[in-house]
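Peer 1: Have a look at this one.
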Amino acid sequence: PPSPTPPSSQLPFTYTYTTTPTGCCSGYYDDPTLTIMNDGEKPSRISRTNCVEFGNYQPALDLGGEKMVSAVNVSYIVQASWRKYAPDEITIMGGPTPADLQEQATIAAGFPSSDGGHTVQISTSRWSQVRYIVLEHVRPSVDASSRRSGTTLLAEIEVYGWTSPPASPPPASPP
C-alpha cells in the first residue's frame, strides 16, 4: 500500500522577480532587499516596506531543492480609497527548473475584498515535486460601485509541503 502523506509544514524559500518592481511614490511597492514576500509578516495596512504592487513582476521562488508542495498561501492588502483591490484570480506555476514550469494551479473565487490584509490558499496537492514556483498571474478585481479598475498589492507568500524521502531501491533479483 502507498505510504501515508507526511504532515505539511511551512517551507523556507528565497526569491527574485522576473522583472524588478519599480515602486512608486517615494518608496512604495518596491522590494529592494527581497524580503517582503518571505518575512513572515501579513500586514493589514499599506506602508513603504510591506507590499509590492503586482505588475507582471512575477515573484520566482526557489525552495532550495525539490519538494512536495501541498499549498501556497498568498497575502494581499486591500485599500479601496487608493484603488488597491483584492485579486479576482491568481495563477501559480511550478517545476524542477525555472525553464520547466509544467505544474499549474489557479484560484478564481473566495477573495475577501474588505479593506485590510487577507490571505488565500491555492491547493497544489496534485503537483509532482517542484523546486521553483512562479506567481505567474494576478488579475485585480474591479471596484463594484464605481466599476473602476485598480491593482493588487502582494504582502506575503507562504509555501507548505514536505521533502519527499528518496525512493526505495528495487528488491534484489532472486539468484
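Residue numbers (my numbering): 77 to 251. Just so you know, even glycine gets a beta-carbon here, dropped at the ideal spot from N, CA and C.
Once DSSP output is grouped into helix, strand and coil, what is the label at Ala136?
Peer 2: Within the sequence shown, residue 136 is the residue found at index 60, counting from 1. If DSSP states are grouped into helix, strand and coil, Ala136 belongs with the strands.
Peer 1: Identify, in the order they occur along the chain, each residue of the same chain with its Cβ nearer than 7 Å to the Cβ of Glu232, setting aside the five sequence neighbours on each side.
Peer 2: Position 156 of the sequence shown, counted from the first residue, corresponds to residue 232. Result list for Glu232: Met113, Glu117, Lys118 and Ser151, in chain order.
Peer 1: Here's the rule I'm using: 16 or more other beta-carbon atoms within 10 Å means buried, otherwise exposed. How should Ser146 be labelled?
Peer 2: Here residue 146 is taken as the residue at index 70 of the sequence shown, counted from 1. By the 10 Å Cβ count, Ser146 comes out buried.
Peer 1: Tell me whether the beta-carbon of Tyr91 lies closer than 9 Å to the beta-carbon of Asp138.
Peer 2: Taking the first residue of the sequence shown as position 1, residue 91 is located at position 15. Taking the first residue of the sequence shown as position 1, residue 138 is located at position 62. At the C-beta level, Tyr91 and Asp138 come within 9 Å of one another.
Peer 1: Rounded to the nearest angstrom, how far is the Cβ of Thr167 from that of Thr182, given a contact under 8 Å?
Peer 2: Locating residue 167 in the sequence shown gives position 91, where the first residue counts as 1. Locating residue 182 in the sequence shown gives position 106, where the first residue counts as 1. Confirmed, Cβ separation roughly 5 Å.
Peer 1: Does DSSP put Ile122 in a helix, in a strand, or in coil?
Peer 2: Working through the sequence shown from its first residue, we reach residue 122 at position 46. Three-state result, Ile122: coil.
Peer 1: To the nearest angstrom, how far is it from the Cα of Ser157 to the Cα of Gly99?
Peer 2: Looking up residue 157 in the sequence shown gives position 81. Looking up residue 99 in the sequence shown gives position 23. Spanning the alpha carbons of Ser157 and Gly99 requires a straight line of approximately 19 Å.
Peer 1: Does the Cβ of Val218 have 16 or more other Cβ atoms within 10 Å, making it buried, or fewer, making it exposed?
Peer 2: Numbered from 1 along the sequence shown, position 142 holds the residue referred to as residue 218. When all chains shown are included, Val218 counts as exposed.
Peer 1: So, are the CB atoms of Leu211 and Phe89 less than 9 Å apart?
Peer 2: Walking along the sequence shown from the start, residue 211 turns up at place 135. Walking along the sequence shown from the start, residue 89 turns up at place 13. No, these two residues do not count as a Cβ contact at 9 Å.
Peer 1: Apply the 10 Å Cβ neighbour rule to Ala185 and answer buried if 16 or more other Cβ atoms are within range, or exposed otherwise.
Peer 2: Counting from 1 along the sequence shown, the entry for residue 185 is found at position 109. By the neighbour-count rule (16 or more Cβ atoms within 10 Å), Ala185 is not buried but exposed.
Peer 1: Look up Trp158 in the DSSP assignment and say whether it is helix, strand or coil.
Peer 2: Against the sequence shown, residue 158 aligns to sequence position 82. DSSP places Trp158 in helix when its eight states are reduced to three.
Peer 1: Roughly how many angstroms separate the alpha carbons of Gly226 and Gln86, rounded to a whole number?
Peer 2: Mapped onto the sequence shown, residue 226 falls at position 150. Mapped onto the sequence shown, residue 86 falls at position 10. Taking the straight line joining both Cα atoms gives about 31 Å.
Peer 1: In the DSSP assignment, find the unbroken beta strand (DSSP E) run with Arg207 in it and report its ends.
Peer 2: Within the sequence shown, numbered from 1, the residue matching residue 207 stands at position 131. Where Arg207 is concerned, the enclosing beta strand (DSSP E) stretches over Val206 to Pro216.
Peer 1: To the nearest whole angstrom, what separates the beta carbons of Pro97 and Tyr133, a pair I think is in contact under 8 Å?
Peer 2: Counting from 1 along the sequence shown, the entry for residue 97 is found at position 21. Counting from 1 along the sequence shown, the entry for residue 133 is found at position 57. Going by Cβ atoms, the distance from Pro97 to Tyr133 rounds to 5 Å, so yes, they are a contact pair.
Peer 1: Please return the same chain residues whose Cβ sits closer than 6 Å to the Cβ of Gln178, not counting the five positions on each side in sequence.
Peer 2: Along the sequence shown, one-based indexing puts residue 178 at 102. Correct list, in chain order: Gly171.
Peer 1: So, at 8 Å on beta carbons, what are the nonlocal neighbours of Trp203 in its own chain, with the 5 sequence-adjacent residues on each side left out?
Peer 2: Residue 203 sits at position 127 when you count from the first residue of the sequence shown. Result list for Trp203: Met144, Val145, Gly170, Glu179 and Ala181, in chain order.
Peer 1: What separation, rounded to the nearest whole angstrom, lies between the Cα atoms of Val154 and Cys127?
Peer 2: Within the sequence shown, the letter at position 78 stands for residue 154. Within the sequence shown, the letter at position 51 stands for residue 127. So the alpha carbons of these two residues sit roughly 11 Å apart.
Peer 1: Rounded to the nearest angstrom, what separates Ser102 and Pro135 at their Cα positions?
Peer 2: In the sequence shown, counting from the first residue as 1, residue 102 sits at position 26. In the sequence shown, counting from the first residue as 1, residue 135 sits at position 59. If you take the alpha carbons of Ser102 and Pro135, they lie about 22 Å apart.
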